[in-house]
Amino acid sequence: MPPELIAVDPEHVRRSPHQARKDFDARALEGLAQSLRLHGMLQPIVVRRAEDGLELIAGERRLRAALAAGLTSIPAIVEEATSVESAVRGLVENLQRSDLGVFEEAEGYRRVMQEFGLSQTELGKRVGKSQAAIANKLRLLRLGDEIRELAQAGGLGERHLRALLRVAGVTRLELARQAAREGWTARELEERVRTISREMPRRYVKDVRIVVNALRESVQRLQAAGVAVELLEEASEDALELRLRIPRR
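Read left to right, the sequence shown gives residues 1434 to 1682 (the numbering used here).
The following block contains the structure:
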């Protein structure tokens, strides 16, 4: 069935439970609400029919602004979409906006993967990202709450966060605090991390590389034989974590 354009009361549209964005700029929303009062909504929101009514797929800022403006009728495009299609569509819309936070993005990936049983590779194909890009975002979720707060306050950018992943424990938190307090650039923090790493004993030896390469080759042979197996690799200063994922379906 082709998409259908309807008029809907914004009060009757349920927000998506998979919304990645948690922070909406109040001033920007009020500006959008004022524009809607004057000109109406020119770009429809996108919804789907769920069991309990209409569920938002895309356009949460417009929906929030319409509610703030007191509108009782706005245009909406009704599309046929499954729960996973709706979740991925909303995630992609947020990714196309430059102000989505790195932790919001990572949490969005994790939520969709967990709820719908998607692998990093499967999710990557749906949102136009590589498996490695998805894995790198998910790794940021290992950072503690205080580091996340420093990042959200604007003291640390994504490049800072990636550098912090290469150290662990108290050292990581101390570096994060100092970088935010003294306004270090990402390059300055990376140099501090390199200095600390040089002072630490090496933990990976030739035998470990041999084991890793053997696992990679085994997985490649299984994949060539048609076995749906995936090797997930995540490295930190403490360890190299290798996981085999074999879908049950």
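C-beta atoms are modelled at their ideal positions from N, C-alpha and C, and glycine is treated no differently.
Just so it is clear, the structure is predicted and the values come from calculations on it, not from any experiment.
Whether L1533 touches L1504 by CB criterion (8 Å): The count along the sequence shown starts at 1 and reaches residue 1533 at position 100. The count along the sequence shown starts at 1 and reaches residue 1504 at position 71. The answer is no: Cβ separation not under 8 Å.
Buried/exposed call for R1681, threshold 16 Cβ in 10 Å: Taking the first residue of the sequence shown as 1, we reach residue 1681 at position 248. By the 10 Å Cβ count, R1681 comes out exposed.
Given F1457, which residues of its chain have a CB within under 7 Å of its CB, disregarding the five upstream and five downstream residues? Residue 1457 sits at position 24 when you count from the first residue of the sequence shown. The residues are R1494, R1497.
Pick out the complete alpha helix (DSSP H) segments inside the region 1549-1604, 4 residues or longer, and give them in chain order. 1553-1560, 1564-1572, 1578-1585, 1591-1597
With DSSP as the reference, label V1486 as helix, strand or coil. As a position in the sequence shown, residue 1486 is number 53, starting the count at 1. In the sequence as displayed, the identity of residue 1486 is Gly instead of Val. Looking at G1486 - three-state DSSP - the assignment turns out to be strand.
If I'm right that A1509 touches I1567 with Cβ under 8 Å, what's the distance once you round it to whole angstroms? In the sequence shown, the residue the question calls residue 1509 occupies position 76. In the sequence shown, the residue the question calls residue 1567 occupies position 134. Contact doesn't hold; Cβ gap of about 31 Å is too wide.
7 Å Cβ shell around P1443 - same chain, five flanking residues per side excluded: Within the sequence shown, numbered from 1, the residue matching residue 1443 stands at position 10. Excluding sequence neighbours, P1443 sits near L1496, A1499, L1500, L1504, I1507.
Quick check: R1447 and G1492, are their CB atoms within less than 8 Å of each other? As a working note, residue 1447 is residue 14 in the sequence shown. As a working note, residue 1492 is residue 59 in the sequence shown. No, these two residues do not count as a Cβ contact at 8 Å.
Here's a check: name, in chain order, each residue in its chain whose Cβ is nearer than 8 Å to the Cβ of F1549, leaving out the five neighbours to either side. Counted from its first residue, the sequence shown places residue 1549 at position 116. The residues are S1516, V1517, A1520.
Burial state of N1527 (16 or more Cβ within 10 Å): The residue labelled residue 1527 in the question sits at position 94 within the sequence shown. N1527 should be labelled buried.
From R1481, A1657, L1471, G1602, residue whose alpha carbon lies closest to that of V1441: Along the sequence shown, read from residue 1 onward, the residue named residue 1441 stands at position 8. The shortest Cα separation from V1441 among R1481, A1657, L1471, G1602 belongs to R1481.
Between the Cα of L1664 and those of S1449, R1454, G1561, S1552, spot the shortest distance and give me the residue it belongs to. Your numbering for residue 1664 matches position 231 in the sequence shown. Selected option, being the one with the closest Cα: S1552.
If you draw a straight line from the C-alpha of V1662 to the C-alpha of H1445, how long is it? Your numbering for residue 1662 matches position 229 in the sequence shown. Your numbering for residue 1445 matches position 12 in the sequence shown. Distance between the alpha carbons of V1662 and H1445: 43 Å.
Who does E1667 pair with in a DSSP beta bridge? Translated into the one-based positions of the sequence shown, residue 1667 becomes position 234. E1667 pairs with E1674.
Under the three-state DSSP convention, the category E1621 falls into: Start at 1 with the first residue of the sequence shown, and residue 1621 comes out as number 188. In the structure shown, E1621 sits in a helix (DSSP, three-state: H, G or I).
Considering only the alpha carbon of each residue, which of G1577, E1666, G1523 lies closest to V1560? Residue 1560 sits at position 127 when you count from the first residue of the sequence shown. It is G1523.
R1575: which of Q1611, I1679, V1535, K1562 sits nearest, CA to CA? Counted from its first residue, the sequence shown places residue 1575 at position 142. Comparing Cα-Cα distances from R1575 to each of Q1611, I1679, V1535, K1562, the minimum goes to V1535.
Is the Cβ-Cβ distance between A1609 and L1583 less than 8 Å? Taking the first residue of the sequence shown as position 1, residue 1609 is located at position 176. Taking the first residue of the sequence shown as position 1, residue 1583 is located at position 150. A contact, by the Cβ cut-off of 8 Å.
Does the beta-carbon of S1630 have 16 or more other beta-carbons within 10 angstroms, so that it is buried, or is it exposed? Within the sequence shown, the letter at position 197 stands for residue 1630. It counts as exposed.
What are the start and end residues of the beta strand (DSSP E) that includes E1437? What you label residue 1437 is simply residue 4 of the sequence shown in a count that begins at 1. First-last of the beta strand (DSSP E) with E1437: 1437-1441.
So what does R1454 bridge to, in DSSP terms? Here residue 1454 is taken as the residue at index 21 of the sequence shown, counted from 1. DSSP, once it has assigned bridges, lists no residue as partnering R1454.
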